[in-house]
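What follows is one structure encoded as structure tokens, with my remarks underneath.
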């Protein structure tokens, strides 16, 4: 069975035609990526004036063969004379570290490249003026805590710290504004931001740059910065006309404000745009000279609003899949353009890109990949609302139109519910074999996620984390009570923090489920948060609490922690079969967490490792530890619908199909 679903997943990505590359213009060149031989990615450019003058500046396969690196991302300097490749070692040396190597190549006018220098341990980078760049590094706790300045060709001993963040809760990043006039250093916690900027025109002259702070950190207040003309444009949830530094307990909706370039501190912020009541939550913005593209989400459904800066009118773009998919802005570097490119996908549509004319609000061109073996019109995506306590939980159901829900078809509930990350209705390769077999995929948008904005996130984190567990169980009850599923036909899955929600739900109501698949599950949060020596413990206190310093936090975690709440087999009643996978190089969820949870389940919960366990009346518990893999090399990840290896997907599917389809 493991190998049976592999061809189905392979066929799922076969398309009727390969759309032409999407070009991005920068100066005198148009840059694009296209497929090469044997799965290679070719990074190309051509002179804007010469449509046939293609230059291949980087070949991912050649990089691996010549230098032993797997390419992750690529940037070209403003002068078009350097290429920076952020890459990981093909031999797996970077597994678990989450940082990589920065390979800097010189780029000739002919398009040829030559390796100049390699910087190890780089997490992110941007180019500065001339032959300079800025990069971030991770410390031993997997926290990016500093930004460094580097001149290409000089030894690393000449590098200078531009900014160092001592707060263990903060994660540092560096980016640039769209007009390339300012570098942005952001220092963020899970619920706050602090941003400093400095002009790019002196970034290559003096490494000791003068940083300008836009707004001091305030718990509960976030802001994100861009720039054009003579003003900064800022997306923020700060209280209007409130300069207090007191924590904001209830997150406010995001709005758009502007600040003069000469005095951008928060007392000079003026409001540009906010969504009207019922208009949804702003998730992202893209600034143009005459327009602002606003990505919003209303009741879990994506919308794109175009704000005309001249008329101050708002209009909604027609989306290709309506409200049943995922919207992600594509790179739109041309500030003076009236065209905007937006990416789309859905559970039954591969990624596509549409360019819209913001003057006419109509598509001007598109790049669409249509799967050969998936008839999208044969599937439906429906949205339900599930009562849970004093609120209602959005539940998205994906299934073939031929499936009759009243027959209780096999169903897989997916859950995450942490860090304000939305569980999106996106294309996930591992779900294709299940959909082809008549399964229902159910997305439980529980509190703690970001589907309904930052307030939804706050309602399911910290001491409120147990709400995410209760919401998942409410979604399961909803399906069972309606007859759309049955305990022997219901499975549940979660990754990382989502695995915690699943594990806690299994402790509370194991009788709801026939099977559960947990990947790199965070199942011992109490031990982890009491261990400051572990990576990310300091950063994570805003998500889980600080049980070492606060008795209420300790009690709250103890209420739901999967490891600490396993019931004895006699008290637990019928228990589901469980598949657990872990990575031996995982530094976020160390392999000992799922391993000790599995051991306690076997000792207390009556579980067996035997394949023949069902025949003996014992629930099956399978633990797979891939010792050479890290956290993000495991099966599936929120926001990464194609995360994990095909064989890991196949193992999960074989387990689920054998458990739910082999029902007496």
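Numbering (full-length UniProt numbering), first residue to last: 1 to 664. Heads up, the beta-carbon is just placed ideally off N, CA and C, and yes, glycines get one too. Everything numeric in this text was worked out from a predicted model, so none of it was measured.
(message) Along the chain, where does the beta strand (DSSP E) containing residue 236 start, and where does it finish?
(response) Where residue 236 is concerned, the enclosing beta strand (DSSP E) stretches over 231-236.
(request) Under the assumption that residue 355 contacts residue 339 (Cβ atoms under 8 Å), give the Cβ distance between them as a whole number of angstroms. (result) Indeed, because the Cβ distance is near 5 Å, the residues count as touching under 8 Å.
(request) Report the rounded CA-to-CA distance for residue 195 versus residue 188, giving the unit in angstroms. (result) In a straight line, the C-alpha of residue 195 is about 8 Å away from that of residue 188.
(message) Please classify residue 263 as buried or exposed, where buried requires at least 16 neighbouring CB atoms within 10 angstroms.
(response) In the assembly as shown, residue 263 is an exposed residue. Its beta-carbon has fewer than 16 other beta-carbons within 10 Å.
(request) Would you check if the region 419-439 and the region 467-479 touch, i.e. whether three or more CB-CB distances between them fall below 8 Å? (result) Verdict: no, contact absent.
(message) Quick check on the DSSP output: the alpha helix (DSSP H) that includes residue 293 runs from which residue to which?
(response) Unbroken run through residue 293 is the beta strand (DSSP E), 291-298; no alpha helix (DSSP H).
(message) Can you tell me where the alpha helix (DSSP H) holding residue 358 begins and where it ends?
(response) First-last for residue 358: undefined, no H or E at that position.
(message) Can you look up residue 557 in the DSSP assignment and give me helix, strand or coil?
(response) In the structure shown, residue 557 falls within a helical segment according to DSSP collapsed to helix, strand and coil.
(message) Just verifying my parser: in three-state terms, what is the DSSP assignment at residue 589?
(response) If DSSP states are grouped into helix, strand and coil, residue 589 belongs with coil.
(request) Could you name the residues of the same chain whose beta carbon sits closer than 8 Å to that of residue 315, not counting the 5 residues immediately before and after it, in chain order? (result) Counting only Cβ-Cβ distances below 8 Å, and skipping sequence neighbours, we find 305, 306, 308 and 361.
(request) Report the partner residues of residue 468 according to the DSSP bridge assignment. (result) DSSP output for residue 468 lists no bridge partner at all.
(message) By alpha-carbon positions, which one of 114, 69 and 80 ends up nearest to residue 89?
(response) Closest in alpha carbon position to residue 89, among 114, 69 and 80, is 69.
(request) Using the DSSP secondary-structure output, state which residues sit across from residue 286 in a beta bridge. (result) Beta-bridge pairing links residue 286 to 293.
(message) Please tell me whether residue 320 and residue 8 are closer than 9 Å, where the distance is taken between their beta carbons.
(response) Their beta carbons are not under 9 Å apart, which means residue 320 does not touch residue 8 by this criterion.
(request) Determine the extent of the beta strand (DSSP E) in which residue 194 is found, giving its start and end residues. (result) For residue 194, the enclosing beta strand (DSSP E) has its first and last residue at 193-199.
(message) Classify residue 66: buried if its beta carbon has 16 or more other beta carbons within 10 angstroms, exposed otherwise.
(response) With fewer than 16 other CB atoms across the displayed protein chains lying within 10 angstroms of its CB, residue 66 is exposed.
(message) By DSSP's criteria, residue 346 is part of a beta bridge. Which residues make up the other side?
(response) In DSSP, residue 346 forms a bridge with 349.
(message) I'd like to know whether the C-beta atoms of residue 468 and residue 389 end up nearer to each other than 9 Å.
(response) Between residue 468 and residue 389, the CB-CB gap reaches or exceeds 9 Å.
(request) Classify residue 639 as buried or exposed, calling it buried when 16 or more other Cβ atoms lie within 10 Å of its own Cβ. (result) The predicted model places residue 639 with a pLDDT of 36, which falls under 50 and marks its position as unreliable, so this point remains unresolved.
(request) Over the uninterrupted beta strand (DSSP E) stretch that includes residue 100, give me the two end residues. (result) Counting along the chain, the beta strand (DSSP E) containing residue 100 begins and ends at 100-107.
(message) Give me the residue from 516, 505, 527 and 529 with the minimum Cα distance to residue 673.
(response) Given a span of 1 to 664 for the chain in the structure shown, any question on residue 673 remains unanswerable.
(message) Taking 6 Å as the limit between beta carbons, can you name the residues of its chain near residue 23, skipping five residues before and five after?
(response) Scanning its chain for C-beta atoms nearer than 6 Å, with the 5 sequence neighbours on each side dropped, one finds around residue 23 the residues 30 and 32, in chain order.
(message) Contact defined as beta carbons within less than 8 Å: I believe residue 656 pairs with residue 412. What is the distance between those atoms, to the nearest angstrom?
(response) The beta-carbon separation of residue 656 and residue 412, rounded to 7 Å, stays under the 8 Å limit for a contact.
(message) Just to confirm, is the Cβ distance from residue 443 to residue 414 under 9 Å?
(response) Contact flag set, yes.
(request) Mind checking who residue 304 pairs with in its DSSP beta bridge? (result) Answer is 295.
(request) Measure how close the beta-carbons of residue 72 and residue 86 come, nearest whole angstrom, since I'm counting them as under 8 Å. (result) With 8 Å as the limit, residue 72 and residue 86 qualify as a contact, their Cβ atoms being about 5 Å apart.
(request) Under 6 Å Cβ to Cβ from residue 641, same chain only, skipping five residues before and after it: list those, please. (result) Interpretation of residue 641 is limited by its pLDDT of 38, a score under 50 that renders its predicted location unreliable; no figure is taken from the coordinates.
(request) Would you check if the distance between the CB atom of residue 233 and the CB atom of residue 285 is smaller than 9 Å? (result) Yes.
(request) Using a threshold of 9 Å, state whether the C-beta atoms of residue 326 and residue 424 are closer than that. (result) By the CB criterion at 9 Å, residue 326 and residue 424 fall inside the cutoff.
(message) Which of the three DSSP states is assigned to residue 19 in this structure?
(response) Residue 19 falls in the coil class under three-state DSSP.
(message) Just list the residues that DSSP pairs residue 58 with in beta bridges.
(response) The partner list for residue 58 (beta bridge, DSSP) reads 43.
(message) Tell me which residue opens and which closes the beta strand (DSSP E) that residue 620 is part of.
(response) In the DSSP assignment, residue 620 falls outside any beta strand (DSSP E), carrying neither H nor E.
(message) So if DSSP puts residue 158 in a beta bridge, which residue, or which two residues, is it bridged to?
(response) Answer by DSSP bridge pairing: none, since residue 158 is not bridged.
(request) Could you please give the first and the last residue of the uninterrupted alpha helix (DSSP H) stretch that includes residue 537? (result) The continuous alpha helix (DSSP H) containing residue 537 extends over residues 537-544.
(request) For residue 500, I'd like the list of residues in its chain whose CB is within less than 7 Å of its CB, leaving aside the five on either flank, ordered along the chain. (result) For residue 500, where only same-chain residues beyond five positions count, the Cβ hits under 7 Å are 521, 522, 523, 525 and 562.
(request) Return the chain-ordered list of same chain residues with a C-beta closer than 8 Å to the C-beta of residue 634, the five sequence neighbours on each side being excluded. (result) Residue placement at residue 634 cannot be trusted, given a pLDDT of 43 that sits under 50; what the coordinates show is reported in the next sentence. Hits under 8 Å: 495, 519, 520, 581, 582, 583, 586, 626, 643, 644 and 648.
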